[in-house]
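Report on the following structure.
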Amino acid sequence: KKHVIDLCQKIIDAKLSNLHYTAMCMYNTLDDEMLEIMKKAGYYQIRVGVETVSEKVAEGIGMKGKLNLDKLYRVLSTAKKLDIEIYGTFLVGAPNANPEEDMKTINVMKDLLKKELLTELQISICTPQPGTPFYNKVEKEGWLLHKEWQRFDGNTESVVSYPHYPKEKIEEVYKKAVDIGHYYRGLISLKKDGYFSTAVKAIKKRGVFGSIKLVIEYLRGKI
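Right, here's the structure in full:
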């Protein structure tokens, strides 16, 4: 905390707060005092690593004891009041995950979007990188499906298939999360930019039929 406050004060003292900055943080390290001085120093966006709201999943990705849902909402609410954009990152398909645990995270993500506490978001499939304990574990257990590195990007497919959480189910849950993200960000854009601009953005990103399908799925209650 002291380092962040000192850095921001030096930016202010050097009259560099007219520039725009972004930072990536864990939400449990932030408080009102830090957010207020970051805003004064020119930080317009903070990337917040939410990742999961499941204690079970958190334990498997080195986040045990770091979850605090009440604080997440408080920090994001303060950021919104200060007009700081929040870019939230989330993941599915982690070692301890299953569809039910991942849906807990997706439902919180959806609620944050509905409350307009997120400006942007990134949803990733938990993907092992060579040399990490995660990679060594899935390779040893035979859960790693291939070693085509260009496919290890975390946003097209799962390269892992667990006995309790197969590849197809991970990708199904991931698609649902992505669809929810697109839909609610579209609503925020609609409110901010109007119908025409929002429609153009949606069509560029998902195509005409993809955009129509998203609306139909929402009307059917699938989102």
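For the sequence shown, the working numbering begins at 32 and goes up steadily by one.
Using N, Cα and C, we set each Cβ at its ideal position, and we do this for glycine too.
Quantities reported herein were computed from a predicted structural model and do not represent experimental measurements.
1. Taking the alpha-carbon positions, what's the residue 164 to residue 121 distance?
2. Need the endpoints of the beta strand (DSSP E) that residue 55 sits in, please.
3. Among 52, 47, 205, 218, which one has its Cα closest to the Cα of residue 138?
4. With a threshold of 6 Å on Cβ separation, who are the neighbours of residue 103 within its own chain once the five nearest residues in sequence on each side are excluded?
5. List the DSSP bridge partners of residue 40.
6. What are the boundary residues of the alpha helix (DSSP H) that residue 109 is part of?
7. Measure from the alpha carbon of residue 73 to the alpha carbon of each residue in 54, 218, 90, then state which is nearest.
8. For the alpha helix (DSSP H) that residue 165 lies in, which residues bound it at each end?
9. Since I believe residue 65 is in contact with residue 32 (beta carbons under 8 Å), could you give me their beta-carbon distance rounded to a whole number of angstroms?
10. For the candidate residues 97, 44, 114, 85, whose alpha-carbon lies nearest to that of residue 63?
11. Residues in its own chain within less than 6 Å of residue 39 by CB, not counting five upstream and five downstream?
12. Would you decide whether residue 199 is buried or exposed? Buried here means 16 or more other CB atoms lie within 10 Å of its CB.
13. Measure the alpha-carbon distance for residue 130 versus residue 184 and round it to whole angstroms.
14. Which value, in whole angstroms, describes the spacing of the CA atoms of residue 190 and residue 49?
15. Please classify residue 120: does DSSP put it in a helix, a strand, or coil?
16. Tell me, to the nearest whole angstrom, how far the beta carbon of residue 156 is from that of residue 186; I am working on the premise that it is less than 8 Å.
17. Over the uninterrupted beta strand (DSSP E) stretch that includes residue 80, give me the two end residues.
18. Would you kindly work out how many angstroms separate the C-alpha atoms of residue 85 and residue 46, rounded to a whole number?
19. Hey, how far is the Cα of residue 98 from the Cα of residue 218?
20. Give me the residue from 168, 106, 193, 151 with the minimum Cα distance to residue 209.
21. Measuring straight from C-alpha to C-alpha, what distance separates residue 36 and residue 106?
22. Provide the residue span of the alpha helix (DSSP H) that contains residue 17, from first to last.
According to the structure data:
1. The residue given as residue 164 occupies position 133 in the sequence shown. The residue given as residue 121 occupies position 90 in the sequence shown. Those two C-alpha atoms are separated by around 20 Å.
2. What you label residue 55 is simply residue 24 of the sequence shown in a count that begins at 1. First-last of the beta strand (DSSP E) with residue 55: 52-56.
3. The residue you call residue 138 lines up with position 107 of the sequence shown. The residue among 52, 47, 205, 218 with its C-alpha nearest the C-alpha of residue 138 is 205.
4. Along the sequence shown, read from residue 1 onward, the residue named residue 103 stands at position 72. Correct list, in chain order: 58.
5. Your numbering for residue 40 matches position 9 in the sequence shown. Partner(s): none; residue 40 has no beta bridge.
6. Taking the sequence shown and counting its residues from 1, the one referred to as residue 109 is at position 78. Where residue 109 is concerned, the enclosing alpha helix (DSSP H) starts and stops at 100-112.
7. Translated into the one-based positions of the sequence shown, residue 73 becomes position 42. Ranking 54, 218, 90 by Cα distance to residue 73 puts 54 first.
8. Stepping through the sequence shown from its first residue, residue 165 is reached at position 134. Run containing residue 165: 164-172, per the alpha helix (DSSP H) assignment.
9. For the purposes of this step, residue 32 is identified with residue 1 of the sequence shown, where counting begins at 1. For the purposes of this step, residue 65 is identified with residue 34 of the sequence shown, where counting begins at 1. 6 Å between Cβ atoms; contact.
10. Mapped onto the sequence shown, residue 63 falls at position 32. 114 is the residue among 97, 44, 114, 85 whose C-alpha sits nearest the C-alpha of residue 63.
11. Position 8 of the sequence shown, counted from the first residue, corresponds to residue 39. Cβ neighbours of residue 39 beyond the five flanking positions: 68, 69, 72.
12. Numbered from 1 along the sequence shown, position 168 holds the residue referred to as residue 199. Residue environment: residue 199 is assigned as exposed (fewer than 16 neighbouring CB atoms within 10 Å of its CB, all protein chains considered).
13. What you label residue 130 is simply residue 99 of the sequence shown in a count that begins at 1. What you label residue 184 is simply residue 153 of the sequence shown in a count that begins at 1. Rounded to the nearest angstrom, the two C-alpha atoms are 21 Å apart.
14. Walking along the sequence shown from the start, residue 190 turns up at place 159. Walking along the sequence shown from the start, residue 49 turns up at place 18. Residue 190 and residue 49 have their alpha carbons spaced roughly 44 Å apart.
15. For this step, residue 120 is matched to residue 89 along the sequence shown. The three-state reading of DSSP puts residue 120 in strand, counting E and B together.
16. As a working note, residue 156 is residue 125 in the sequence shown. As a working note, residue 186 is residue 155 in the sequence shown. Correct: roughly 7 Å between the Cβ atoms.
17. Translated into positions along the sequence shown, residue 80 becomes position 49. Per DSSP, residue 80 belongs to the beta strand (DSSP E) from 74-82.
18. Numbered from its first residue, the sequence shown carries residue 85 at position 54. Numbered from its first residue, the sequence shown carries residue 46 at position 15. Between residue 85 and residue 46, the alpha-carbon positions lie close to 42 Å from each other.
19. What you label residue 98 is simply residue 67 of the sequence shown in a count that begins at 1. What you label residue 218 is simply residue 187 of the sequence shown in a count that begins at 1. Using only the alpha carbons, I get a separation of about 28 Å.
20. Taking the first residue of the sequence shown as 1, we reach residue 209 at position 178. A check of alpha carbon separations from residue 209 across 168, 106, 193, 151 identifies 151 as the nearest.
21. Residue 36 sits at position 5 when you count from the first residue of the sequence shown. Residue 106 sits at position 75 when you count from the first residue of the sequence shown. Rounded to the nearest angstrom, the gap between the Cα atoms of residue 36 and residue 106 is 16 Å.
22. There is simply no residue 17 to check, as the chain begins at 32 and stops at 254 in what is shown.
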